[in-house]
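When we follow my numbering, the leftmost residue of the sequence shown carries the number 5, and every step to the right adds one. All residues carry an ideal CB built from backbone N, CA and C; glycine is no exception. Bear in mind that the values here come from a model prediction, so they are computed numbers and not experimental data.
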Amino acid sequence: MLVTGAAGFIGFHTARALLARGDEVIGVDNLNAYYPPELKSARLAILERERGFRFDKLDIADREAMQTLFDRDQFGAVVHLAAQAGVRHSISNPHVYVQSNITGFLHVLEGCRQQRVGHLVYASTSSVYGANTSMPFSERQNVDHPLTLYAATKKANELMAHSYSSLYGLPTTGLRFFTVYGPWGRPDMALFVFTKRILAGEPIDVFNEGHHQRDFTYIEDIVAGVVEAVDHPAAPDAGFDARAPDPSTSYAPYKIYNIGNQRPVTLLRYIEVLEQCLGRKARKNLVPMQPGDLPDTWADVDALARDVGYRPSTQLEDGVRRFVDWYLSYYGG
(Lines of atoms letter the chains of each structure in order from A and count residues from 1; the text may use other names and numbers.)
(Lines give C-alpha, C1' and ligand atoms only; values in the text may rest on other atoms or scores of the structure.)
Protein backbone atom coordinates (compact mmCIF):
# COMPACT_ATOMS: atom_id res chain seq x y z
CA MET A 1 0.00 0.00 0.00
CA LEU A 2 1.06 3.56 -0.66
CA VAL A 3 -0.26 6.10 1.86
CA THR A 4 0.42 9.73 0.94
CA GLY A 5 0.36 12.25 3.76
CA ALA A 6 1.40 9.46 6.14
CA ALA A 7 2.71 11.89 8.76
CA GLY A 8 -0.57 13.80 8.77
CA PHE A 9 -3.49 13.24 11.10
CA ILE A 10 -5.67 10.89 9.03
CA GLY A 11 -2.72 9.44 7.12
CA PHE A 12 -0.94 8.44 10.33
CA HIS A 13 -3.98 6.62 11.73
CA THR A 14 -4.74 4.99 8.38
CA ALA A 15 -1.18 3.71 7.99
CA ARG A 16 -1.29 2.27 11.53
CA ALA A 17 -4.55 0.47 10.79
CA LEU A 18 -3.20 -1.03 7.57
CA LEU A 19 0.01 -2.13 9.29
CA ALA A 20 -1.95 -3.65 12.16
CA ARG A 21 -3.74 -6.00 9.80
CA GLY A 22 -0.50 -7.04 8.11
CA ASP A 23 -0.25 -4.80 5.06
CA GLU A 24 3.11 -3.49 3.90
CA VAL A 25 2.89 0.30 3.83
CA ILE A 26 5.08 2.88 2.14
CA GLY A 27 4.33 6.32 3.50
CA VAL A 28 5.24 9.60 1.86
CA ASP A 29 5.01 13.14 3.23
CA ASN A 30 6.84 16.42 2.66
CA LEU A 31 6.69 17.30 6.39
CA ASN A 32 5.86 20.90 5.60
CA ALA A 33 5.50 23.61 8.22
CA TYR A 34 1.78 24.42 7.79
CA TYR A 35 1.64 23.45 11.46
CA PRO A 36 4.58 22.56 13.75
CA PRO A 37 6.42 19.67 12.07
CA GLU A 38 7.40 18.26 15.48
CA LEU A 39 3.95 16.68 15.73
CA LYS A 40 4.36 15.11 12.30
CA SER A 41 7.78 13.79 13.30
CA ALA A 42 6.31 12.26 16.46
CA ARG A 43 3.61 10.49 14.45
CA LEU A 44 6.21 9.30 11.99
CA ALA A 45 8.45 7.95 14.76
CA ILE A 46 5.60 5.68 15.86
CA LEU A 47 5.06 4.39 12.33
CA GLU A 48 8.74 3.74 11.80
CA ARG A 49 8.75 1.35 14.77
CA GLU A 50 6.18 -0.80 12.99
CA ARG A 51 7.23 -3.80 10.97
CA GLY A 52 6.36 -3.43 7.29
CA PHE A 53 6.57 0.37 7.14
CA ARG A 54 8.94 2.46 5.04
CA PHE A 55 8.96 6.24 4.78
CA ASP A 56 10.01 8.42 1.86
CA LYS A 57 10.17 12.16 2.39
CA LEU A 58 8.94 13.72 -0.83
CA ASP A 59 6.53 16.30 -2.14
CA ILE A 60 3.70 14.92 -4.27
CA ALA A 61 3.99 18.08 -6.39
CA ASP A 62 7.51 16.97 -7.40
CA ARG A 63 6.90 15.18 -10.69
CA GLU A 64 10.26 13.46 -10.93
CA ALA A 65 10.17 12.22 -7.33
CA MET A 66 6.69 10.77 -7.81
CA GLN A 67 7.72 9.12 -11.08
CA THR A 68 10.68 7.51 -9.31
CA LEU A 69 8.44 6.30 -6.48
CA PHE A 70 5.98 4.58 -8.80
CA ASP A 71 8.77 3.17 -11.00
CA ARG A 72 10.45 1.61 -7.98
CA ASP A 73 7.47 0.09 -6.16
CA GLN A 74 4.43 -1.81 -7.34
CA PHE A 75 1.41 -0.80 -5.28
CA GLY A 76 -1.71 -2.90 -4.96
CA ALA A 77 -3.64 0.14 -3.79
CA VAL A 78 -3.00 3.80 -3.11
CA VAL A 79 -4.58 5.79 -0.27
CA HIS A 80 -4.06 9.44 -1.19
CA LEU A 81 -4.40 11.67 1.88
CA ALA A 82 -1.68 14.25 1.21
CA ALA A 83 -3.01 17.74 0.53
CA GLN A 84 -2.72 21.31 1.63
CA ALA A 85 -5.45 21.44 4.23
CA GLY A 86 -7.22 24.35 5.88
CA VAL A 87 -10.31 26.13 4.61
CA ARG A 88 -9.38 29.61 5.84
CA HIS A 89 -5.71 29.28 4.89
CA SER A 90 -6.72 28.86 1.24
CA ILE A 91 -8.17 32.37 1.20
CA SER A 92 -4.80 34.01 1.89
CA ASN A 93 -2.49 31.39 0.31
CA PRO A 94 -4.21 30.12 -2.85
CA HIS A 95 -1.18 29.09 -4.91
CA VAL A 96 -0.01 26.34 -2.57
CA TYR A 97 -3.44 24.66 -2.84
CA VAL A 98 -3.21 24.38 -6.60
CA GLN A 99 0.35 23.10 -6.38
CA SER A 100 -0.42 20.39 -3.84
CA ASN A 101 -4.07 19.54 -4.39
CA ILE A 102 -4.20 19.79 -8.19
CA THR A 103 -0.68 19.21 -9.51
CA GLY A 104 0.14 16.71 -6.76
CA PHE A 105 -3.06 14.78 -7.39
CA LEU A 106 -2.28 14.62 -11.10
CA HIS A 107 1.05 12.98 -10.28
CA VAL A 108 -0.75 10.40 -8.13
CA LEU A 109 -3.22 9.66 -10.92
CA GLU A 110 -0.43 9.31 -13.48
CA GLY A 111 1.50 6.95 -11.23
CA CYS A 112 -1.60 4.81 -10.70
CA ARG A 113 -2.31 4.76 -14.43
CA GLN A 114 1.19 3.81 -15.45
CA GLN A 115 1.54 1.06 -12.87
CA ARG A 116 -2.04 -0.20 -13.24
CA VAL A 117 -2.77 0.20 -9.54
CA GLY A 118 -5.76 -1.86 -8.44
CA HIS A 119 -7.56 0.91 -6.55
CA LEU A 120 -7.06 4.57 -5.72
CA VAL A 121 -8.84 5.86 -2.62
CA TYR A 122 -8.46 9.60 -2.11
CA ALA A 123 -9.56 12.31 0.31
CA SER A 124 -12.23 14.77 -0.64
CA THR A 125 -14.12 16.98 1.82
CA SER A 126 -17.54 18.04 3.05
CA SER A 127 -16.51 21.56 2.00
CA VAL A 128 -17.41 20.70 -1.60
CA TYR A 129 -21.08 21.12 -0.67
CA GLY A 130 -20.42 24.86 -0.46
CA ALA A 131 -23.53 27.00 -0.80
CA ASN A 132 -25.85 23.98 -0.65
CA THR A 133 -28.10 24.05 2.45
CA SER A 134 -30.20 20.93 1.78
CA MET A 135 -29.61 18.57 4.72
CA PRO A 136 -28.34 15.96 5.11
CA PHE A 137 -25.70 16.32 2.42
CA SER A 138 -26.01 13.57 -0.16
CA GLU A 139 -23.44 12.49 -2.72
CA ARG A 140 -26.22 12.72 -5.31
CA GLN A 141 -26.55 16.49 -4.80
CA ASN A 142 -24.96 19.13 -7.00
CA VAL A 143 -21.66 20.50 -5.67
CA ASP A 144 -20.95 23.25 -8.19
CA HIS A 145 -20.91 26.17 -5.74
CA PRO A 146 -17.74 25.90 -3.58
CA LEU A 147 -17.12 28.72 -1.11
CA THR A 148 -13.32 28.44 -0.98
CA LEU A 149 -10.49 27.52 -3.31
CA TYR A 150 -9.73 24.56 -1.01
CA ALA A 151 -13.19 23.16 -1.73
CA ALA A 152 -12.77 23.90 -5.43
CA THR A 153 -9.51 21.93 -5.56
CA LYS A 154 -11.20 18.95 -3.94
CA LYS A 155 -14.10 19.08 -6.37
CA ALA A 156 -11.47 19.22 -9.11
CA ASN A 157 -9.90 16.06 -7.69
CA GLU A 158 -13.22 14.25 -8.04
CA LEU A 159 -13.52 15.36 -11.67
CA MET A 160 -9.92 14.43 -12.43
CA ALA A 161 -10.43 11.00 -10.88
CA HIS A 162 -13.50 10.40 -13.04
CA SER A 163 -11.57 11.23 -16.19
CA TYR A 164 -8.92 8.64 -15.32
CA SER A 165 -11.56 6.05 -14.37
CA SER A 166 -13.28 6.66 -17.71
CA LEU A 167 -10.20 6.83 -19.94
CA TYR A 168 -8.03 4.15 -18.35
CA GLY A 169 -10.35 1.97 -16.26
CA LEU A 170 -8.62 3.04 -13.04
CA PRO A 171 -10.90 2.26 -10.06
CA THR A 172 -11.17 5.42 -7.96
CA THR A 173 -13.08 6.10 -4.76
CA GLY A 174 -13.37 9.61 -3.31
CA LEU A 175 -14.23 10.03 0.37
CA ARG A 176 -15.75 13.30 1.54
CA PHE A 177 -14.54 13.65 5.13
CA PHE A 178 -16.72 15.44 7.68
CA THR A 179 -14.89 17.32 10.50
CA VAL A 180 -12.53 14.63 11.75
CA TYR A 181 -11.24 14.86 15.34
CA GLY A 182 -9.34 12.72 17.82
CA PRO A 183 -5.88 11.98 19.26
CA TRP A 184 -2.90 13.21 17.21
CA GLY A 185 -5.20 15.71 15.49
CA ARG A 186 -4.21 18.83 13.59
CA PRO A 187 -3.30 21.84 15.77
CA ASP A 188 -5.30 24.20 13.54
CA MET A 189 -8.57 22.36 14.17
CA ALA A 190 -11.12 23.68 16.65
CA LEU A 191 -10.82 20.96 19.30
CA PHE A 192 -7.04 21.34 19.46
CA VAL A 193 -7.17 25.15 19.56
CA PHE A 194 -9.94 25.20 22.17
CA THR A 195 -8.16 22.73 24.44
CA LYS A 196 -4.89 24.64 24.31
CA ARG A 197 -6.54 27.98 25.05
CA ILE A 198 -8.85 26.73 27.80
CA LEU A 199 -5.95 25.11 29.64
CA ALA A 200 -3.98 28.36 29.31
CA GLY A 201 -6.89 30.38 30.64
CA GLU A 202 -7.22 32.23 27.33
CA PRO A 203 -10.49 33.07 25.55
CA ILE A 204 -11.59 31.06 22.53
CA ASP A 205 -13.08 32.53 19.36
CA VAL A 206 -16.48 30.94 18.76
CA PHE A 207 -17.49 31.57 15.15
CA ASN A 208 -21.14 32.18 14.29
CA GLU A 209 -21.60 32.52 18.07
CA GLY A 210 -21.48 28.71 18.22
CA HIS A 211 -24.84 28.15 16.55
CA HIS A 212 -23.69 26.28 13.46
CA GLN A 213 -23.70 22.49 13.41
CA ARG A 214 -20.90 20.13 12.43
CA ASP A 215 -20.95 16.40 11.78
CA PHE A 216 -17.97 15.76 14.06
CA THR A 217 -16.51 12.33 13.24
CA TYR A 218 -14.05 10.43 15.42
CA ILE A 219 -10.81 9.36 13.78
CA GLU A 220 -11.20 5.61 14.44
CA ASP A 221 -14.58 5.61 12.71
CA ILE A 222 -13.08 7.47 9.76
CA VAL A 223 -10.15 5.05 9.45
CA ALA A 224 -12.43 2.02 9.62
CA GLY A 225 -14.34 3.44 6.67
CA VAL A 226 -11.17 4.23 4.72
CA VAL A 227 -9.84 0.69 5.15
CA GLU A 228 -13.16 -0.85 4.17
CA ALA A 229 -13.27 1.37 1.10
CA VAL A 230 -9.78 0.22 0.09
CA ASP A 231 -11.03 -3.38 0.15
CA HIS A 232 -14.01 -2.58 -2.09
CA PRO A 233 -12.62 -1.23 -5.39
CA ALA A 234 -15.00 0.99 -7.31
CA ALA A 235 -16.83 -0.79 -10.11
CA PRO A 236 -18.96 0.46 -13.01
CA ASP A 237 -22.60 1.08 -12.10
CA ALA A 238 -24.72 -1.11 -14.35
CA GLY A 239 -27.73 1.10 -13.62
CA PHE A 240 -26.03 4.38 -14.49
CA ASP A 241 -28.32 6.58 -16.60
CA ALA A 242 -26.37 9.02 -18.77
CA ARG A 243 -29.56 11.02 -19.40
CA ALA A 244 -29.89 11.74 -15.67
CA PRO A 245 -26.38 11.16 -14.32
CA ASP A 246 -25.86 10.47 -10.62
CA PRO A 247 -22.80 12.51 -9.49
CA SER A 248 -21.78 9.79 -7.01
CA THR A 249 -21.39 6.96 -9.51
CA SER A 250 -20.63 6.27 -13.16
CA TYR A 251 -20.47 3.88 -16.08
CA ALA A 252 -16.74 3.90 -15.20
CA PRO A 253 -15.19 2.34 -12.05
CA TYR A 254 -15.75 5.50 -9.98
CA LYS A 255 -17.46 6.21 -6.66
CA ILE A 256 -17.95 9.16 -4.33
CA TYR A 257 -18.94 8.65 -0.70
CA ASN A 258 -19.63 10.79 2.33
CA ILE A 259 -17.80 9.58 5.41
CA GLY A 260 -19.11 11.18 8.58
CA ASN A 261 -20.90 10.53 11.85
CA GLN A 262 -24.44 11.30 10.62
CA ARG A 263 -25.17 13.00 13.97
CA PRO A 264 -24.47 16.75 13.75
CA VAL A 265 -24.15 18.81 16.93
CA THR A 266 -23.81 22.54 17.52
CA LEU A 267 -20.43 24.06 18.17
CA LEU A 268 -21.68 25.22 21.57
CA ARG A 269 -22.46 21.60 22.51
CA TYR A 270 -19.01 20.54 21.30
CA ILE A 271 -17.45 23.14 23.59
CA GLU A 272 -19.67 22.08 26.48
CA VAL A 273 -18.46 18.47 26.19
CA LEU A 274 -14.86 19.68 26.06
CA GLU A 275 -15.39 21.79 29.20
CA GLN A 276 -16.72 18.71 31.00
CA CYS A 277 -13.72 16.63 29.96
CA LEU A 278 -11.23 19.34 31.00
CA GLY A 279 -13.06 20.25 34.19
CA ARG A 280 -12.79 23.92 33.20
CA LYS A 281 -15.08 26.54 31.73
CA ALA A 282 -14.19 28.29 28.50
CA ARG A 283 -14.09 32.05 28.14
CA LYS A 284 -16.01 32.49 24.90
CA ASN A 285 -15.43 35.31 22.46
CA LEU A 286 -18.53 35.13 20.25
CA VAL A 287 -17.73 36.29 16.71
CA PRO A 288 -19.52 36.23 13.31
CA MET A 289 -19.27 33.47 10.73
CA GLN A 290 -15.98 33.53 8.86
CA PRO A 291 -15.71 33.81 5.05
CA GLY A 292 -15.76 30.39 3.40
CA ASP A 293 -17.34 28.55 6.35
CA LEU A 294 -20.38 26.36 5.76
CA PRO A 295 -23.29 27.18 8.11
CA ASP A 296 -23.92 23.50 8.86
CA THR A 297 -22.73 20.05 7.81
CA TRP A 298 -24.55 16.76 8.08
CA ALA A 299 -23.47 13.63 6.23
CA ASP A 300 -25.79 11.11 4.68
CA VAL A 301 -23.61 7.97 4.91
CA ASP A 302 -26.18 5.43 3.75
CA ALA A 303 -24.27 4.68 0.54
CA LEU A 304 -21.01 3.89 2.32
CA ALA A 305 -22.89 1.80 4.89
CA ARG A 306 -24.62 -0.14 2.13
CA ASP A 307 -21.56 -0.74 -0.04
CA VAL A 308 -18.76 -1.34 2.48
CA GLY A 309 -20.51 -1.80 5.84
CA TYR A 310 -19.48 1.56 7.32
CA ARG A 311 -20.92 2.07 10.82
CA PRO A 312 -19.63 5.02 12.90
CA SER A 313 -20.09 4.17 16.57
CA THR A 314 -18.10 6.65 18.70
CA GLN A 315 -20.20 9.01 20.79
CA LEU A 316 -19.06 12.62 20.94
CA GLU A 317 -18.47 12.44 24.70
CA ASP A 318 -16.20 9.40 24.32
CA GLY A 319 -14.29 10.82 21.38
CA VAL A 320 -13.59 14.17 23.03
CA ARG A 321 -12.52 12.41 26.23
CA ARG A 322 -10.01 10.30 24.30
CA PHE A 323 -8.62 13.41 22.63
CA VAL A 324 -8.25 15.21 25.96
CA ASP A 325 -6.54 12.18 27.52
CA TRP A 326 -4.08 12.10 24.62
CA TYR A 327 -3.49 15.85 24.73
CA LEU A 328 -2.73 15.87 28.46
CA SER A 329 -0.44 12.87 28.07
CA TYR A 330 1.43 14.33 25.09
CA TYR A 331 1.72 17.94 26.19
CA GLY A 332 1.33 17.56 29.94
CA GLY A 333 -1.24 19.33 32.04
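Less than 8 Å between the beta carbons of residue i and residue j, yes or no?
i: residue 179; j: residue 231; result: no
i: residue 29; j: residue 74; result: no
i: residue 261; j: residue 308; result: yes
i: residue 177; j: residue 238; result: yes
i: residue 229; j: residue 263; result: yes
i: residue 282; j: residue 202; result: yes
i: residue 24; j: residue 16; result: no
i: residue 185; j: residue 220; result: yes
i: residue 155; j: residue 131; result: yes
i: residue 31; j: residue 59; result: yes
i: residue 83; j: residue 147; result: no
i: residue 85; j: residue 183; result: no
So who's on the other strand from residue i, going by DSSP bridges?
i: residue 217; result: 270 and 300
i: residue 178; result: 126 and 260
i: residue 111; result: Its beta-bridge partners do not exist; DSSP assigns none.
i: residue 335; result: According to DSSP, which records beta bridges pairwise, residue 335 is partnered with nothing at all.
i: residue 210; result: 290
i: residue 33; result: 61
For residue i, name the three-state secondary structure that DSSP assigns.
i: residue 127; result: strand
i: residue 121; result: coil
i: residue 149; result: coil
i: residue 253; result: coil
i: residue 38; result: coil
i: residue 243; result: coil
i: residue 314; result: coil
i: residue 25; result: coil
i: residue 201; result: helix
i: residue 183; result: coil
i: residue 157; result: helix
i: residue 289; result: strand
i: residue 329; result: helix
i: residue 63; result: coil
i: residue 72; result: helix
i: residue 18; result: helix
i: residue 305; result: coil
Can you tell me the Cβ-Cβ gap for residue i and residue j, rounded? I've got them flagged as a contact below 8 Å.
i: residue 39; j: residue 117; result: Between residue 117 and residue 39 the Cβ distance is about 32 Å, and since that is not below 8 Å, they are no contact.
i: residue 270; j: residue 217; result: 5 Å
i: residue 51; j: residue 20; result: 7 Å
i: residue 123; j: residue 305; result: In fact, because the Cβ distance is near 20 Å, the residues do not count as touching under 8 Å.
i: residue 105; j: residue 157; result: 4 Å
Item to check | Three-pair Cβ contact test at 8 Å for the segment 100-114 versus the segment 189-208 | outcome: no
Counting beta carbon pairs with one atom in the segment 275-293 and one in the segment 209-217, are three or more of them shorter than 8 Å? Output reads yes: the segment 275-293 touches the segment 209-217.
So does the segment 245-256 actually touch the segment 313-329, counting three or more Cβ pairs closer than 8 Å? no
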